[in-house]
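Here UniProt numbering is used: the first residue of the sequence shown is 1, the next is one more, and so on. Worksheet: the structure to be examined is printed underneath.
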Amino acid sequence: MGNSQSQSPHAHPRFASASRAFTQKELEDLRSLFVSLAAQSQTNGHHVSLPVFQAYFQLHGPLSERLFDLITQKRKDGRLNFEDLIIAKATYEKGAGDEIEEFIYQLLDVDDDGNVTRSDLESVMITVFDSVFSPKRVQTGGSPKEEDLCFFLDSANFSENVHGNGEQSMSLEDSRRWFAFVPSVRKFLGSLLVPPDSGRPGAQVPHLSCWNHTDSGEIILKEEYAWHIGGVLSEEELDQWKLLYHSSLSGLSFNTFLGSINNSEGPTILIIKDREGHIYGGYASQPWERHSEFYGDMKSFLFQLYPRASIYRPTGANRNVQWCAVNFSSEDIPNGIGFGGRANHFGLFISASFDQGQTFACTTFGSPCLSTANRTIPEVIECWGVVQKKQLEKQDAVRGTVLERFKEDRHMLNMVGLANSSE
């Protein structure tokens, strides 16, 4: 009787209210999708099977099975009916924030034992990595490396004790903090019922455009890191990232750095690997130009890449976002580039000599010290330009014109503080 009721079009008390979350056109489209998947399932149109569900949404492993179980309301009958689909999508995609967070938190408990342990998260991340990166890995015969998984897992906190086996479990609040650190994971897990072919949020990895004959082993920014950073960014900013500067290839020089980035109109991503092996950096939404004080907007953020992944967005405590001081003689205006904090006590800073830096806990981004010590020695410095589609089209239209060359020259003068010297 329970199964027959679950398959009745209006049997579930939540179905009517869930239906109201969609337009008539959306409901018709969902009905068409269900009919198609049910036909593929060979169930006389009554329900969708797990294998067909997995194939359509291109999800496999324990995470896909857990998602199917939650959508079918844990009936364990292997049958997803139309009303299940409507209720799940209404909750998971159109529900209140707390409803969505609770649903995703339940997703993490892949073995349905009431606890979200590190092994649960590892299983989830393997599925996520396979979905995001598998096309290239299949070609190369690769699989997710334990190191790549660990820098995501190590940013998670497990504050609850699991009775009986000594393991720790992640609470709902722990999961919210983790998703704030790794928004790319949250974005992906929040869009599992979006067909991959339509551009599933959280699945896009920027194309990393390096110079010709560049040894990939010298590049710090790998796809997993780019995907992590991109979790905060819009789809337009995830098209292509272009290498502008690399200290090992360009030379450890502040002037070379400024010259290398002067043609970049869009945001830039600064990445540092220090002598301790820690990798971190910042996303600069504004161009690097000479200023005697902080500037920038609240789109910038700091991040950690190794040994753990974390994103730190502006808290609103102050507007000390970007710092770019060039050729100043005052000790109160340290020459170099940085983010957050205050002068001589930055959230992240590289001196103009490019041979020393600092990272302090700062309220600007709510970030901790990003390395093992506040004073750091950079080993490798990279800067990438975020190239948006509309920017590429604009560059194609005006490349080589007198106006474009004038803008490039003036931008370089701005960075060294000479643009207005004759005005």
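All C-beta atoms, glycine included, are put in the ideal place defined by N, C-alpha and C.
Name the two residues that bound the continuous alpha helix (DSSP H) containing D274.
The residue given as residue 274 occupies position 274 in the sequence shown. Looking at the DSSP string, D274 is not in any alpha helix (DSSP H); the run it does join, the beta strand (DSSP E), is T268 to D274.
Hey, R290 and V326 are a contact pair by Cβ (cut 8 Å); roughly how many whole angstroms apart?
Taking the sequence shown and counting its residues from 1, one reaches residue 290 at position 290. Taking the sequence shown and counting its residues from 1, one reaches residue 326 at position 326. Under the criterion of beta carbons closer than 8 Å, R290 and V326 qualify as touching, at roughly 5 Å.
Let me know if K242 comes out buried or exposed under the rule of 16 or more other beta-carbons within 10 Å of its beta-carbon.
Your numbering for residue 242 matches position 242 in the sequence shown. Per the 10 Å Cβ criterion, buried.
Compute the Euclidean distance between the alpha carbons of L252 and G97, then round it to the nearest angstrom.
In the sequence shown, residue 252 corresponds to position 252, counting from 1. In the sequence shown, residue 97 corresponds to position 97, counting from 1. Going from the Cα of L252 to the Cα of G97 covers about 46 Å.
In three-state DSSP terms, what is E289?
What you label residue 289 is simply residue 289 of the sequence shown in a count that begins at 1. Correct three-state label for E289: coil.
Leaving out five residues before and five after V205 in sequence, what residues of the same chain have Cβ atoms less than 8 Å from its Cβ?
Here residue 205 refers to the residue found at position 205 when the sequence shown is read from its first residue. Here the set comprises V132, F133, E223, A226, W227, G230 and L238.
For N165, which residues of its own chain have a beta-carbon under 7 Å away from its beta-carbon, when the five flanking residues on both sides are left out?
In the sequence shown, residue 165 corresponds to position 165, counting from 1. Within the same chain, N165 has no close Cβ partners at all.
What first and last residue would you give for the beta strand (DSSP E) that runs through E379?
The residue given as residue 379 occupies position 379 in the sequence shown. P378 to V387 is the span of the beta strand (DSSP E), which, as asked, contains E379.
Looking at the unbroken alpha helix (DSSP H) that takes in C150, where does it start and where does it end?
Here residue 150 is taken as the residue at index 150 of the sequence shown, counted from 1. Segment E146 to L153, the alpha helix (DSSP H) holding C150.
Determine, using beta carbons only, whether V162 and S169 come nearer to each other than 7 Å.
Position 162 of the sequence shown, counted from the first residue, corresponds to residue 162. Position 169 of the sequence shown, counted from the first residue, corresponds to residue 169. Yes, they are a contact pair.
V386 and P267 - do their beta-carbons sit closer together than 7 Å?
By 1-based counting over the sequence shown, the position of residue 267 is 267. By 1-based counting over the sequence shown, the position of residue 386 is 386. Yes. Within cutoff.
According to DSSP, what are the bridge partners of L208?
Start at 1 with the first residue of the sequence shown, and residue 208 comes out as number 208. Its beta-bridge partners are W241.
In terms of residue numbering, what span does the alpha helix (DSSP H) encompassing G259 cover?
Residue numbering aside, residue 259 sits at position 259 when the sequence shown is read from its first letter. Counting along the chain, the alpha helix (DSSP H) containing G259 begins and ends at F254 to I261.
Are the beta-carbon atoms belonging to F301 and Y280 less than 7 Å from one another?
Here residue 301 is taken as the residue at index 301 of the sequence shown, counted from 1. Here residue 280 is taken as the residue at index 280 of the sequence shown, counted from 1. Annotated as distal: F301 and Y280, with beta-carbon spacing of 7 Å or more.
How big is the Cα-Cα spacing for C383 and E99?
Looking up residue 383 in the sequence shown gives position 383. Looking up residue 99 in the sequence shown gives position 99. In this structure, the CA atom of C383 is about 39 Å from the CA atom of E99.
Which of the three DSSP states, helix, strand or coil, is assigned to G217?
As a position in the sequence shown, residue 217 is number 217, starting the count at 1. Looking at G217 - three-state DSSP - the assignment turns out to be helix.
Near L221, which residues of its chain fall below 7 Å by C-beta distance, leaving aside the five closest residues on each side in sequence?
Your numbering for residue 221 matches position 221 in the sequence shown. Contacts found: L208, I271, E382 and W384.
Within a Cβ cutoff of 6 Å, which residues of the same chain sit near C150, ignoring the five residues on either side of it in sequence?
Numbered from its first residue, the sequence shown carries residue 150 at position 150. Answer for C150: no residue qualifies.
Identify, in the order they occur along the chain, each residue of the same chain with its Cβ nearer than 8 Å to the Cβ of H10, setting aside the five sequence neighbours on each side.
In the sequence shown, residue 10 corresponds to position 10, counting from 1. Summary for H10: the model assigns pLDDT 49, below 50, so the residue's position carries little reliability; its value from the coordinates is reported in the next sentence. A16 and E83, listed in sequence order.
In chain order, what residues of the same chain lie with their CB nearer than 7 Å to the CB of F328, ignoring the 5 residues before and after it?
Within the sequence shown, numbered from 1, the residue matching residue 328 stands at position 328. Excluding sequence neighbours, F328 sits near S292 and N335.
Which residues mark the beginning and the end of the alpha helix (DSSP H) in which Y92 is found?
Position 92 of the sequence shown holds residue 92. Y92 -> alpha helix (DSSP H) spans F82 to K94.
Which one of D332, F303, V124 and G347 has the shortest CA to CA distance from R319?
Here residue 319 corresponds to residue number 319 of the sequence shown, with the count starting at 1. Nearest of D332, F303, V124 and G347 to R319, Cα basis: G347.
Could you tell me the alpha carbon to alpha carbon distance between S247 and F354, rounded to whole angstroms?
Taking the sequence shown and counting its residues from 1, the one referred to as residue 247 is at position 247. Taking the sequence shown and counting its residues from 1, the one referred to as residue 354 is at position 354. If you take the alpha carbons of S247 and F354, they lie about 9 Å apart.
From this set, Y295, S367, K273 and E331, which residue's C-alpha is nearest R313's C-alpha?
By 1-based counting over the sequence shown, the position of residue 313 is 313. Closest by alpha carbon: S367.
Pick out whichever of Y105, L153 and G78 has its Cα sitting closest to the Cα of I126.
For the purposes of this step, residue 126 is taken as the residue at position 126 of the sequence shown. When only C-alpha atoms are compared, the closest one is L153.
Can you tell me which of the three DSSP states G97 falls into?
Position 97 of the sequence shown holds residue 97. It is helical.
Using the C-alpha atoms, what's the distance from A317 back to A90?
Sequence index remark: in the sequence shown, residue 90 carries index 90 (1-based). Sequence index remark: in the sequence shown, residue 317 carries index 317 (1-based). Approximately 36 Å between the Cα atoms of the pair.
Can you give me the Cβ contacts of L80 inside the same chain, cut-off strictly under 7 Å, excluding the 5 residues immediately before and after it?
Residue mapping note: residue 80 aligns to position 80 of the sequence shown, counting from 1. Cβ neighbours of L80 within its own chain (closer than 7 Å, five residues either side excluded): H47, V48, F53, F68, I71 and T72.
To the nearest angstrom, report how far apart S175 and F34 are at their CA atoms.
Here residue 175 corresponds to residue number 175 of the sequence shown, with the count starting at 1. Here residue 34 corresponds to residue number 34 of the sequence shown, with the count starting at 1. Whole-angstrom Cα-Cα distance: 32 Å.
Specify the secondary structure class of L70 as computed by DSSP and reduced to three states.
Numbered from its first residue, the sequence shown carries residue 70 at position 70. Residue state, collapsed to three classes: helix.
Return the CA-CA distance between S216 and L244, expressed in angstroms with no decimal places.
Residue mapping note: residue 216 aligns to position 216 of the sequence shown, counting from 1. Residue mapping note: residue 244 aligns to position 244 of the sequence shown, counting from 1. Between S216 and L244, the C-alpha separation is close to 15 Å.
Going by the DSSP bridge assignment, what does Q322 pair with across the sheet?
The residue labelled residue 322 in the question sits at position 322 within the sequence shown. Assignment of beta-bridge partners to Q322 by DSSP yields Y295 and F339.
Taking C-alpha atoms, which residue in K74, R177, S285 and L30 lies nearest to D297?
The residue given as residue 297 occupies position 297 in the sequence shown. Closest in C-alpha terms to D297, from the list K74, R177, S285 and L30, comes S285.
With the cut-off set at 7 Å, would you say S310 and S159 are in Cβ contact?
For the purposes of this step, residue 310 is taken as the residue at position 310 of the sequence shown. For the purposes of this step, residue 159 is taken as the residue at position 159 of the sequence shown. No, Cβ-Cβ distance for S310 and S159 is not below 7 Å.
With distances taken Cα to Cα, identify the nearest neighbour of V182 among R308, S119 and H60.
Indexing the sequence shown from 1 puts residue 182 at position 182. Nearest C-alpha to V182: R308.
Select from F294, G78, I333 and F179 the residue whose C-alpha is nearest the C-alpha of W323.
Along the sequence shown, one-based indexing puts residue 323 at 323. Cα-wise, what sits closest to W323 is F294.
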